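Going down the list, the protein sequences come from chains A and B. Under this note's numbering, the first sequence has 64 at position 64, and the numbering climbs by one with no breaks. Under this note's numbering, the second sequence has 1163 at position 163, and the numbering climbs by one with no breaks. Each residue gets a CB set at the ideal place from its N, CA and C atoms; glycine is no exception. These numbers come from a predicted model, not from an experiment. Below: the structure, in structure tokens.
2 protein chains.
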Amino acid sequence: MKFLSEKNPDTKRSYEIVDEGLSKKAVVVIVARCEVLYEGRARSRLAAGDRMLMVKPDGSFLVHQDRNLDPVNWQPPKSKCRAYIKNGLLHVEGVRRNPPERLDVEIQNTHVASYFIGEDSKDLEQVGYEADMVDMVVESPDLIEKGFRPTSREYATPNGFIDILGKDKNGTLMVLEFKSRRAGTNAVKQLKRYLDCFEDHKEFVRGVLVAPSLTEEASELLNKYEMEFKELKPPMEFDGDKNLTLDFFSAT
Amino acid sequence: MKFLSEKNPDTKRSYEIVDEGLSKKAVVVIVARCEVLYEGRARSRLAAGDRMLMVKPDGSFLVHQDRNLDPVNWQPPKSKCRAYIKNGLLHVEGVRRNPPERLDVEIQNTHVASYFIGEDSKDLEQVGYEADMVDMVVESPDLIEKGFRPTSREYATPNGFIDILGKDKNGTLMVLEFKSRRAGTNAVKQLKRYLDCFEDHKEFVRGVLVAPSLTEEASELLNKYEMEFKELKPPMEFDGDKNLTLDFFSAT
DNA sequence: CACTAGATCTCGTGT
DNA sequence: ACACGAGGTCTAGTG
């Protein structure tokens, strides 16, 4: 991996490093005392303090404080980022046309300026999503109940897409709404709105909320609407690998 | 500001720097070739590549690739983070009890290891929110229309809270739903559900969607429901500062 | 390009 | 601690 990192560069040197990193499509990392202005979808200003700045080759621009997971200010991928000097101070800015917005960082003192050109072709593999749950039920409908048979997935209604539409062993229509996390009242209302689309239907339609758990409020609302809850956790197995879980929490 | 930054430290030295940074409640920044495992709310693995790691004193732990705004893996604030050596390789892990989850990074090669102890007491000031719009209308109801008078804010209904409930100059009830960004069909449906709460009401109730703009679909749905749209942008003025906008997009 | 729906959403607020 | 709603949400997928 190629990289360059300097401590306490002066304004001119700091500019050179950042400018070079940007032009080389490197990941630029700066730790500096700075002020930040944002204007676009909203508007914000942040008085001086020490922060970590990062510009990625795809145009992502992040400003991190020493707290919180999220950046305090940022600019999304495809922003045009550049460095410039104004009134003797280094600025880094990121601009976007659609929507029009601009992030400007005025650097008063650079502690470290660096850039990195690395190799990273790998993408994240992950499981435990709502989509994984739906896949699982399509493959093993009995997880819902014996005799359940899915008829369609992503069934379109005026109120949105139904995750799974199917019939129980008696032929009664079933609407399944999946949540991969604890379900709240919104999930129940969403399911209710799907059922409303079958109002003109003569026969009774079963509404089933499928989730690992649900809030007390959601449970009450579910009862009120005469709908059902089916406890089901999203699958956590990678394809062709079932033994990672075993010792993962016992490292060292 | 106090900081320490070393290039190409070996495993032992890298461990010392990270461990020292963590114990001093510093912001730890590492650029390294690494593999990443996550298990908890979901599960993921990421094969080897060059990434930027950051651990903040509040327990936030981020792993950034060279693309996308979001970290590819992370652990939220209040995680317990530590460094350890296993099979001759440095690991950095973050664990949480509730919900139970763990992020583990196996570092194969450290390019830069550093930590920073800075000053940053300032919080972000920002404007342009939905709440700012509502404030503005409560103070200047005529922005909606001449004669409009708000009666309650955050009025509770079975279908959620109405942003502003009021009456027009003829005494007709008005339900106002605010969006600070372009409004879609969901906003219209939400407003419709509020109006449904007044079904038993004998008199007509006006539903008004207040937003800077709306999508074509939202406009059609609004007409169908016989509701109205009022164009209004969220206020973008900081308290006691009205001149920032003027030259903000003309730097250099 | 616009719109939809999910997310290890995060983060603040209220209970 | 939990539930809920907003966000400059971001991000992937679809039309």
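Review point. Can a CB atom of chain A be found closer than 7 Å to the CB of Arg1043 (chain B)?
Key: Chain A contact via Cβ: present.
Check your understanding: For the candidate residues A:Val28, A:Ser44, A:Ala187, whose alpha-carbon lies nearest to that of Met52 (chain A)?
Key -> A:Val28
Exercise for review: Round the Cβ separation of Ser1005 (chain B) and Lys2 (chain A) to the nearest angstrom and send it over; I've been treating them as touching at under 8 Å.
Suggested key: Incorrect: roughly 17 Å between the Cβ atoms, too far for contact.
**Study point:** Bounding residues of the alpha helix (DSSP H) (the contiguous stretch that carries Met1136 (chain B))
**Key:** 1130-1139 is the span of the alpha helix (DSSP H), which, as asked, contains Met1136 (chain B).
Exercise for review: Provide the residue span of the beta strand (DSSP E) that contains Asn1186 (chain B), from first to last.
Suggested key: It is not in any beta strand (DSSP E) - Asn1186 (chain B) instead sits in the alpha helix (DSSP H) that spans 1185-1196.
Point to revise | Strand pairing of Asn1068 (chain B), partner residues [DSSP] | key: BP columns for Asn1068 (chain B) are empty, so no partner.
Practice item. Measure the alpha-carbon distance for Val208 (chain A) versus Ala1218 (chain B) and round it to whole angstroms. Key: 29 Å
Review point. Near Ala1047 (chain B), what residues of its chain come up, given a Cβ to Cβ distance below 7 Å and the 5 sequence neighbours on each side ignored?
Key: Glu1035
**Study point:** Cβ-Cβ distance between Ile164 (chain A) and Leu176 (chain A) below 7 Å
**Key:** yes
Check your understanding: Using the beta-carbon count (16 or more within 10 Å), is Ala156 (chain A) buried or exposed?
Key -> exposed
Check your understanding: Quick one: does Pro76 (chain A) have its CB under 7 Å from some CB of chain B?
Key -> yes
Review point. Does the stretch 129-146 of chain A touch the stretch 58-68 of chain A, meaning 3 or more C-beta pairs lie closer than 8 Å?
Key: no
Practice item. Evaluate Lys1025 (chain B) with the Cβ neighbour count: other Cβ atoms within 10 Å of its Cβ, from every protein chain shown; 16 or more gives buried, anything less gives exposed. Key: So Lys1025 (chain B) counts as exposed.
Review point. Mind pulling the chain B residues with CB within less than 8 Å of Asn68 (chain A)?
Key: Lys1056, Asp1058, Ser1060, Pro1077
**Study point:** Under the three-state DSSP convention, the category Ile1107 (chain B) falls into
**Key:** strand
Review point. Should Ala131 (chain A) go down as buried or exposed, given a rule of 16 or more other Cβ atoms within 10 Å for buried?
Key: exposed
Review point. Hey, would you say Met136 (chain A) sits closer than 7 Å to Pro71 (chain A), going by beta carbons?
Key: One thing to note: Met136 (chain A) has its Cβ no nearer than 7 Å to the Cβ of Pro71 (chain A).
Check your understanding: Based on Cα-Cα distance, which residue from B:Gly1059, B:Thr1011, B:Lys1122, B:Asn1186 lies nearest to Arg1096 (chain B)?
Key -> Selection B:Gly1059, B:Thr1011, B:Lys1122, B:Asn1186 evaluated against Arg1096 (chain B) yields B:Gly1059 as nearest (Cα-Cα).
Review point. So who's on the other strand from Arg41 (chain A), going by DSSP bridges?
Key: None; Arg41 (chain A) has no bridge partner.
Point to revise | 8 Å contact criterion, which Asp19 (chain A) and Ala113 (chain A) should meet: CB distance rounded | key: Incorrect: roughly 10 Å between the Cβ atoms, too far for contact.
**Study point:** Coil, strand or helix - Glu6 (chain A) by DSSP
**Key:** strand
Practice item. Could you name the residues of the same chain whose beta carbon sits closer than 6 Å to that of Lys1169 (chain B), not counting the 5 residues immediately before and after it, in chain order? Key: Cβ-Cβ distances below 6 Å link Lys1169 (chain B) to Gly1147 in the same chain, with the five nearest sequence neighbours on each side left out; the list follows chain order.
Review point. When DSSP labels each residue in this structure, what does Ser219 (chain A) get in the three-state scheme?
Key: helix
Practice item. Pull out every residue of the stretch 1129-1143 of chain B whose Cβ sits closer than 8 Å to any Cβ of chain A, in chain order. Key: Tyr1129
Check your understanding: Among the residues of its own chain, which have a CB less than 7 Å from the CB of Glu1237 (chain B), if the five just before and after it don't count?
Key -> Val1127
Check your understanding: Would you say Leu1046 (chain B) faces chain A, with C-beta separation under 7 Å as the test?
Key -> yes
Practice item. Report yes if the C-beta of Ala1047 (chain B) is less than 6 Å from at least one heavy atom of the ligand MN; otherwise report no. Key: The ligand MN is not part of the structure shown, which contains no ligands of any sort.
Exercise for review: At 8 Å on the CB atoms, spell out the chain B contacts of Lys122 (chain A), in chain order.
Suggested key: Leu1046, Ala1047, Ala1048, Gly1049
**Study point:** Range of the contiguous alpha helix (DSSP H) that encloses Leu1022 (chain B)
**Key:** 1011-1023 is the extent of the alpha helix (DSSP H) around Leu1022 (chain B).
Review point. Does any residue of chain A bring its CB to less than 7 Å from the CB of His1201 (chain B)?
Key: no
Review point. What do you get for Asp50 (chain A), buried or exposed, if any count of 16 or more other CB atoms within 10 angstroms of its CB means buried?
Key: buried
**Study point:** Asp1163 (chain B) - containing beta strand (DSSP E), residue span
**Key:** 1160-1167
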